[in-house]
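Q: Per this note's numbering, the sequence shown starts with residue 1294, numbered consecutively.
Think of the CB as a built atom: it goes at the ideal place given N, C-alpha and C, for glycine as much as any other residue.
Predicted model only: the values in this text are computed from it and were never measured.
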Amino acid sequence: MDDRKLILDIQDLVVEYHTEDGIVHAVNGINLQIEPKKTLGLVGETGAGKTTTGMSILRLVPDPPGVIKSGKIFLDGKDILSLSVREMRALRGSFASMIFQDPMTSLNPVLPVVEQIAEVIKLHEKVNAFEAMEKALVMLDTVGIARDRANNYAHQLSGGMRQRIVIAIALACSPKLLIADEPTTALDVTIQAQILEVMKELRNKFNTAMIMITHDLGIVAEICDDVSVMYAGKIVEHGTLEEVFKQTRHPYTEGLFNSLPNINYRSAKLKPIPGLMPDPTETPPGCTFAPRCDYATEKCFSEAPSIKKFSDTHHALCLRYEDPAFCVKGRVSAWQTQS
């Protein structure tokens, strides 16, 4: 792949939080690439390192206690870790934007919402206050909010409307990359569907690449082109949407699917993944998923897996593909025999 065509290129990123209780190993050497106009789903449980990855892209990891220990992050070919604070501020909002989980804490409670949209436009575009306000009103129309609500404050709007305002702020300057951190988590199902539809429409209208951070595989199926499954700070499986959903290779990804209700067999019981994610201050040797894995052998507890490629776009981090003697079962066995 030609690096010049990448909107985002993350190489061996390591992020830690230095706390009184020890060093939290939040992100442990991940690699991610996104092409223009593509949407990547970053999937995993709470504590997997998804939000830290998203915040690292915009250099928003709180320091202290957060530290980007090593690795490189390129936005449109620029190494953001070498940029000055001023250069980084110019990049945020104009080239890349982020939608955070809770819109109520993202919005200014004492400023009308239209002024918050206009503020971003004035900061990044060469326009006067009147022109910025006019464009802000257009953005309200774009996200489906009536102009008579323009001077409302955040507390006067519903959760869905607040999320639309946050989307309007993020897309006001037509960024090339949008990072959405679980944007529908606090919303009910019908409003979630509306917000996802708005995001899809705006992604296509502004030709924006997107990272959708979520734990909901339904959202991934609805909106994403590629999928990265994250566990304990590592990408354990990556591929196109079809590859990850139909040719699942990692036991953790398989566990996520098994945890979902099956609409074709309503009497079937859910199969949750046993145990908990390891303490990030005490990363165990070997495979971090081994204590919860149905297929783990003694080797898995002592030897860290390396990447196994199944195609140019599909790979997983699992020892069983390095040793043909490993016994596998379940939904991945058929694909294992083909590798």
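#1: Can you tell me which of the three DSSP states D1572 falls into?
#2: What number of angstroms, rounded off, separates the C-alpha of T1507 from the C-alpha of I1488?
#3: Inspect the beta-carbon positions of T1332 and D1518 and report whether they are closer than 8 Å.
#4: Alpha carbon to alpha carbon, what distance is there between D1395 and L1450?
#5: Given this structure, state the Cα-to-Cα distance separating L1569 from I1361, to the nearest angstrom.
#6: Give the single residue among K1298, D1314, A1609 and C1580 whose Cα lies nearest to the Cα of R1542.
#7: I'd like to check one pair, V1406 with A1447: are the Cβ atoms closer than 8 Å?
#8: Taking the runs of the beta strand (DSSP E) that are 3 residues or longer, which of them lie wholly in the segment 1475-1553?
#9: Quick check: what's the CA-CA separation for G1334 versus V1522?
#10: Using 8 Å for Cβ pairs, my map puts Q1409 next to K1365. What's the rounded Cβ distance?
#11: Am I right that L1471 and A1463 are in contact with their C-beta atoms under 8 Å? What's the rounded C-beta distance?
#12: To which residues of the same chain is D1372 closer than 8 Å at the C-beta, ignoring the five residues directly before and after it?
#13: Per DSSP, Q1304 forms a beta bridge with which residues?
#14: Considering only their Cβ atoms, is the gap separating G1342 from V1320 smaller than 8 Å?
#15: Could you please give the first and the last residue of the uninterrupted alpha helix (DSSP H) stretch that includes Q1456?
#16: Closest to N1497 by CA distance: which of T1574, T1435, L1376 and V1482 is it?
#17: Would you report the Cα separation of I1316 and E1575, rounded to the nearest angstrom?
#18: Measuring alpha carbon to alpha carbon, tell me which residue in D1572, G1579 and F1538 is nearest H1607.
#19: Are V1544 and F1499 closer than 8 Å when you measure CB to CB?
#20: Quick check: what's the CA-CA separation for D1474 versus P1578?
#21: Under the DSSP definition of a beta bridge, which residues are partnered with R1385?
#22: Helix, strand or coil for V1360 per DSSP?
#23: Can you say whether L1553 is buried or exposed, counting buried as having 16 or more other CB atoms within 10 angstroms of its CB?
#24: Excluding the five sequence neighbours on either side, which residues of its own chain have a C-beta within less than 6 Å of the C-beta of M1432, listed in chain order?
A: Result, derived from the coordinates:
#1: coil
#2: 14 Å
#3: yes
#4: Approximately 14 Å, taken between the alpha carbons.
#5: 26 Å
#6: A1609
#7: yes
#8: 1502-1507, 1519-1524 and 1527-1533
#9: As the crow flies, the alpha-carbon of G1334 is around 8 Å from that of V1522.
#10: About 33 Å; that fails the 8 Å criterion.
#11: 6 Å
#12: Closer than 8 Å at Cβ, skipping near neighbours: K1365 and I1366.
#13: Answer by DSSP bridge pairing, in chain order: K1365.
#14: Contact: yes.
#15: G1452 to L1464
#16: For N1497, the nearest C-alpha among the options comes from T1435.
#17: 8 Å
#18: F1538
#19: In the sequence on display, residue 1544 carries Pro and not Val. Not in contact: P1544 and F1499 (Cβ atoms no closer than 8 Å).
#20: 30 Å
#21: A1389
#22: strand
#23: exposed
#24: Excluding sequence neighbours, M1432 sits near I1410, A1461 and A1465.
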